[in-house]
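Here the structure comes first, spelled out in structure tokens, and everything after it is commentary.
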Amino acid sequence: MPLPLTGKGVGYTCGSLAEAMVDRNFGVTIVTPRSRWPLPLVEVIEALPAWKRYFPYGWVKHSASRSMEAAFLSYLDRCRSRRLAAYLWPSASMELLQELKRRDVMVFREQFNCHTRTAKTILDRAYGRIGVAPMHGITDAVVDCETKDLEAVDYIFCPNQPVESSLLENGVSKSKCVETAYGWDPVRLSGKNRLLPSNHGLTAVFVGIIGVRKGAHLILDYWARSGVTGRLVLAGRMEPVIKEKYSDLLARDDVTVLDYVEDVGSLYRSADIFVFPSLEEGGPQVTYEACACGLPVITTTMGAGRIVRNEREGLVLDPYDAVGWIAAIRRLAEDTELRQRMSVAALEHAQRFTWTAVASRRREQIMGRLGYGN
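For the sequence shown, this note's numbering gives the first residue as 752, with consecutive numbering after it.
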């Protein structure tokens, strides 16, 4: 795990999967620069020396990568008698990948976004549509590096159908792609309290980075044009370009902007629907959590993950279909019976995607490819 192990973001996803995969016949060890999240069932190796673990991560990031890969190989040396799989989260060095191949270690990779060539195309177009230079940081060199990494691994976990499609479009063999999903934690979403006071009309919630990639600018526009009585609540860190170019929409009386919400379940319990016009995703965890809280979802193919099916748990639309989005918001605002049916469907379908269920399937996928149970 090349990033610090925390209870947020990619670290949260990695740790949740790891702990839920553990059983009496399947152990998990995470090698990470540092950890601030206790995972009782997982062996966690912190690669940074103790005195470096308290510095801002940006200060020690370069040395952390070298230390982490050395610690990873050292751990493999101590486990030669066991049957091992290396499960890498981007970005492992090519040197590490080559060494694992030399040692005949089976390598799995987590593909938590689309192939960077596909993502770059999508995001270049998205920034161009709003008249600004791309701010995604995906260069041709990044694309080339990822392409080589994908060639070097044995299997790639694809948490979303668009992720798998993007890999196939860019020359990755289908035999490498392993279909999977992300999930949600019943404990994390438990409780009855609501973050927001009750409100007249519809409460639509968006959770995630309030940026171009997630389509935040689109939902601001669609909400304003829908004319629905209620409020749009956006929760997350805001990309500067959104604040600069959409200040008028952000300033509307029926728009509320929150920072990162620790108790996200209390936010979902304050809402009637979840809106997520994401342009590029891996497996959007927020969508799984919204469904687990019984929210009907309006989203895109990218944002649906493997949980939202059109006209069942919600509505799945092209992100740029303004007419469709406006109609969908109005439809769910007006049709309480439809919202209730979709809420029930979302709650029911979400049971297939708890971290325990998702991790159990991943464990079986890894063990099957290692030759167990054949």
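Don't be surprised by glycine CBs; every beta carbon is placed ideally from N, CA and C.
CA nearest to the CA of residue i, picked from the options
i: Val915; options: Leu1121, Pro791, Glu1032, Arg1063; result: The sequence given here places Glu at residue 915; Val does not occur at that position. If we check each option's Cα against that of Glu915, Glu1032 comes out closest.
i: Glu902; options: Gln849, Gly879, Gly758, Val883; result: Gln849
i: Gly1122; options: Lys803, Arg834, Arg775, Leu824; result: Arg834
i: Pro1035; options: Val793, Arg1113, Pro910, Ser818; result: Pro910
i: Asp999; options: Leu847, Ser1029, His968; result: His968
i: Ser842; options: Val773, Phe859, Ser1111; result: Phe859
i: Cys1044; options: Arg976, Arg1060, Met1053, Ile1024; result: Ile1024
i: Glu1085; options: Gly978, Leu1009, Tyr1039, Lys803; result: Gly978
i: Lys803; options: Ala815, Val793, Thr764; result: Ala815
i: Met752; options: Ala821, Thr1007, Asn776, Ala975; result: Ala821
Separation of residue j from residue i, as counted between CA atoms
i: Asp1005; j: Ile993; result: 17 Å
i: Val1095; j: Val856; result: 44 Å
i: Pro885; j: Asp828; result: 43 Å
i: Arg785; j: Ala1073; result: 44 Å
i: Arg1057; j: Glu797; result: 33 Å
i: Val958; j: Ser844; result: 32 Å
i: Ala1110; j: Gln1091; result: 30 Å
i: Trp840; j: Glu920; result: 21 Å
Environment of residue i [buried if 16+ CB atoms lie within 10 Å]
i: Gln862; result: buried
i: Gly942; result: exposed
i: Cys1127; result: No information on residue 1127 is available, as it lies outside the stretch 752 to 1125 that the chain covers here.
i: Val956; result: buried
i: Met819; result: buried
i: Thr867; result: buried
i: Lys871; result: buried
i: Lys899; result: exposed
i: Asn864; result: buried
i: Lys965; result: buried
i: Ile881; result: exposed
i: Phe806; result: exposed
i: Val1059; result: buried
Supposed close pair residue i, residue j - CB separation, criterion 8 Å
i: Arg1120; j: Tyr906; result: 6 Å
i: Val1012; j: Phe1027; result: Their Cβ separation, rounded to whole angstroms, is 15 Å, which puts Val1012 and Phe1027 out of contact at 8 Å.
i: Trp1106; j: Gly934; result: 4 Å
i: Arg1003; j: Ile960; result: That pair is no contact at about 20 Å.
i: Ala836; j: Ile1117; result: 5 Å
i: Thr980; j: Ala1022; result: Contact doesn't hold; Cβ gap of about 15 Å is too wide.
i: Ala1041; j: Tyr1071; result: Not quite, the Cβ-Cβ distance comes to about 22 Å (not below 8 Å), so this is no contact.
i: Leu756; j: Val795; result: 7 Å
CB contact check: residue i to chain B, cutoff 9 Å
i: Glu920; result: As a matter of chain content, chain B is missing from the structure shown, which is built from one protein chain.
Unbroken stretches of the alpha helix (DSSP H), 4 residues or longer, contained in the region 1008 to 1049: Look at the region 1008 to 1049 and you find these whole runs of alpha helix (DSSP H), each 4 residues long or longer: 1015 to 1019, 1036 to 1043.
In chain order, each beta strand (DSSP E) run of at least 3 residues that lies wholly inside the region 897 to 951: 906 to 909, 928 to 930
Continuous alpha helix (DSSP H) assignments of at least 4 residues falling wholly in the region 1048 to 1109: 1073 to 1085, 1087 to 1101
Runs of beta strand (DSSP E) wholly within the region 834 to 868 (minimum 3 residues, chain order): 836 to 839, 857 to 861
Beta strand (DSSP E) runs contained entirely in the region 951 to 986, provided each spans 3 or more residues: 953 to 958, 981 to 986
Entirely enclosed beta strand (DSSP E) segments - the region 771 to 798, minimum 3 residues: 780 to 783, 794 to 797
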